[in-house]
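*Asks:* Pasting in a structure now, in structure tokens, and then I'll have a few things to ask.
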Amino acid sequence: MKLTLGFSPCPNDTFIFDALVHHKIDTEGLEFEVVFADVEQLNLWALEGKLDVTKLSFNAFTYCVEDYALLDSGSALGRNCGPLLIKKPDTVLNPKSTIAIPGKYTTAHMLLGIAFPEYENKIVTLFSEIENDVFSEKVDAGLIIHENRFTYQDKGLEKVKDLGEFWEEKTGLPIPLGGIVIKRNLPLDVQLKVERVLRRSVEYAFANPNSSADYVQCHAQEMEKERLRWNSTSY
Numbered sequence: 252m253k254l255t256l257g258f259s260p261c262p263n264d265t266f267i268f269d270a271l272v273h274h275k276i277d278t279e280g281l282e283f284e285v286v287f288a289d290v291e292q293l294n295l296w297a298l299e300g301k302l303d304v305t306k307l308s309f310n311a312f313t314y315c316v317e318d319y320a321l322l323d324s325g326s327a328l329g330r331n332c333g334p335l336l337i338k339k340p341d342t343v344l345n346p347k348s349t350i351a352i353p354g355k356y357t358t359a360h361m362l363l364g365i366a367f368p369e370y371e372n373k374i375v376t377l378f379s380e381i382e383n384d385v386f387s388e389k390v391d392a393g394l395i396i397h398e399n400r401f402t403y404q405d406k407g408l409e410k411v412k413d414l415g416e417f418w419e420e421k422t423g424l425p426i427p428l429g430g431i432v433i434k435r436n437l438p439l440d441v442q443l444k445v446e447r448v449l450r451r452s453v454e455y456a457f458a459n460p461n462s463s464a465d466y467v468q469c470h471a472q473e474m475e476k477e478r479l480r481w482n483s484t485s486y
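Just so we're aligned: the sequence shown equals residues 252 to 486 in the numbering used here.
So this is what it looks like as structure tokens:
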């Protein structure tokens, strides 16, 4: 049986899916047609019910919970790894400032709305372009996710607020970033099979962290190898 599988090219995703995609584990006869997309495109497709299995933001999951079920493995729940609001050092923010966000349905956008409800002038931007848009002053500030959290300082940009820290201080809980979901209308035995295969892939990734290095590096937007290794193994 072949299923469509969507995830982003970010290191965390390619790290956990490498073994599944490249048959380094037993996939129990399942084949996967991989579709790469940025996180907000995956969110939008989930709202349309386009893919059989997909990564998505937990914020987006609240909009499609009737159509998709959350799998037990592969979720990104973490500490000290949340989205960052960044700007140039000489920029003064106010309620009219333009803020680049990685998507309307991202958890990052949800956290921004909680922390800074006064910022309403938001521009949806591809996550990998936000850092450069802030640097080139196309926007006043940007909300960055994925590997850009580790590279923005190289461009002389500064952090306004770590929204992950904000969430943890406010709730005492890990940040609910994203999860892997499967269509509810698939047979239950298929859903359970996908869960087992995904769990094996995650376990293999942690047991063999160097095995996915080429796959991760191939799809990473930007990062030095040492930073990339730290990011992937800290999923």
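From the three backbone atoms N, C-alpha and C, an ideal C-beta is built for every residue, glycine too.
Between which residues of its own chain and Pro425 is the CB-CB distance below 6 Å, once the five residues before and five after are set aside?
*Replies:* Here residue 425 corresponds to residue number 174 of the sequence shown, with the count starting at 1. Counting only Cβ-Cβ distances below 6 Å, and skipping sequence neighbours, we find Leu328, Gly329 and Arg330.
*Asks:* Can you give the Cα-Cα distance for Ser348 and Glu291, rounded to whole angstroms?
*Replies:* Within the sequence shown, numbered from 1, the residue matching residue 348 stands at position 97. Within the sequence shown, numbered from 1, the residue matching residue 291 stands at position 40. Going from the Cα of Ser348 to the Cα of Glu291 covers about 22 Å.
*Asks:* Does the beta-carbon of His397 have 16 or more other beta-carbons within 10 angstroms, so that it is buried, or is it exposed?
*Replies:* Translated into positions along the sequence shown, residue 397 becomes position 146. So His397 ends up on the buried side.
*Asks:* Restricting to Cα atoms, I'd like to know which of Pro427, Leu307 and Asn345 is closest to Val411.
*Replies:* Residue mapping note: residue 411 aligns to position 160 of the sequence shown, counting from 1. Checked all of Pro427, Leu307 and Asn345; the closest Cα to Val411 is Asn345.
*Asks:* Note down, one range per segment and in chain order, each beta strand (DSSP E) of at least 3 residues found wholly within the segment 294–344.
*Replies:* Counting whole runs of 3 or more residues, the segment 294–344 contains the beta strand (DSSP E) stretches 304–308, 319–321, 327–329 and 335–338.
*Asks:* Quick check: the segment 311–330 against the segment 423–441, are at least 3 beta-carbon pairs closer than 8 Å?
*Replies:* A contact exists between the segment 423–441 and the segment 311–330.
*Asks:* Note down the Cα distance separating Lys253 from Leu377, rounded to an integer number of angstroms.
*Replies:* As a position in the sequence shown, residue 253 is number 2, starting the count at 1. As a position in the sequence shown, residue 377 is number 126, starting the count at 1. Between Lys253 and Leu377, the C-alpha separation is close to 29 Å.
*Asks:* Please determine if the segment 281–289 and the segment 330–344 are in contact, where contact requires at least 3 C-beta pairs separated by less than 8 Å.
*Replies:* Contact fails: fewer than three Cβ-Cβ distances are below 8 Å.
*Asks:* Using the beta-carbon count (16 or more within 10 Å), is Ser483 buried or exposed?
*Replies:* Looking up residue 483 in the sequence shown gives position 232. At Ser483 the pLDDT is 38, less than 50, meaning the model places this residue with poor confidence and gives no usable figure here.
*Asks:* Quick one, which of His360, Asp303, Leu293 and Glu282 has its alpha-carbon nearest Phe436's?
*Replies:* By 1-based counting over the sequence shown, the position of residue 436 is 185. For the sequence presented, residue 436 should be read as Asn rather than Phe. The shortest C-alpha separation from Asn436 is found at Asp303.
*Asks:* Are Gly354 and Val375 close, meaning C-beta to C-beta below 7 Å?
*Replies:* Counted from its first residue, the sequence shown places residue 354 at position 103. Counted from its first residue, the sequence shown places residue 375 at position 124. In this structure, Val375 lies closer than 7 Å to Gly354 by Cβ.
*Asks:* Any chance the CB of Lys444 is under 6 Å from a heavy atom of the ligand GTP?
*Replies:* Ligands in the displayed structure: none, and consequently the ligand GTP is not present.
*Asks:* Report yes if the CB atom of His488 is closer than 7 Å to the CB atom of Ile350, and no otherwise.
*Replies:* There is simply no residue 488 to check, as the chain begins at 252 and stops at 486 in what is shown.
*Asks:* Applying the criterion that 16 or more other CB atoms from any shown protein chain within 10 Å of the CB defines a buried residue, is Lys421 buried or exposed?
*Replies:* Your numbering for residue 421 matches position 170 in the sequence shown. When all chains shown are included, Lys421 counts as exposed.
*Asks:* For Phe457, which of Gly280, Ile267, Cys315 and Phe258 has the nearest alpha-carbon?
*Replies:* In the sequence shown, the residue the question calls residue 457 occupies position 206. Looking at the Cα atoms, Ile267 is the closest of the given residues.
*Asks:* Is the Cβ-Cβ distance between Tyr466 and Ala270 less than 7 Å?
*Replies:* As a first step, residue 466 is located in the sequence shown; it is residue number 215 there, counting from the start. As a first step, residue 270 is located in the sequence shown; it is residue number 19 there, counting from the start. No; because the gap between Cβ atoms is not below 7 Å, this pair is not in contact.
*Asks:* How would you write the range of the beta strand (DSSP E) that Glu284 sits in, first residue to last?
*Replies:* Along the sequence shown, read from residue 1 onward, the residue named residue 284 stands at position 33. From DSSP, the beta strand (DSSP E) with Glu284 extends over Glu282 to Phe287.
*Asks:* At the level of alpha carbons, what is the spacing between Thr313 and Glu388?
*Replies:* Counting from 1 along the sequence shown, the entry for residue 313 is found at position 62. Counting from 1 along the sequence shown, the entry for residue 388 is found at position 137. Cα to Cα, Thr313 sits roughly 33 Å from Glu388.
*Asks:* What is the residue span of the alpha helix (DSSP H) that Glu446 lies within?
*Replies:* What you label residue 446 is simply residue 195 of the sequence shown in a count that begins at 1. Unbroken alpha helix (DSSP H) run through Glu446: Leu439 to Ala458.
*Asks:* Which residues does DSSP list as the beta-bridge partners of Val432?
*Replies:* For the purposes of this step, residue 432 is taken as residue 181 along the sequence shown, with counting starting at 1. Bridge partners of Val432: Thr305 and Leu321.
*Asks:* Quick one: give me the first and last residue of the beta strand (DSSP E) that Ile350 is part of.
*Replies:* Residue 350 sits at position 99 when you count from the first residue of the sequence shown. Ile350 to Ile352 is the extent of the beta strand (DSSP E) around Ile350.
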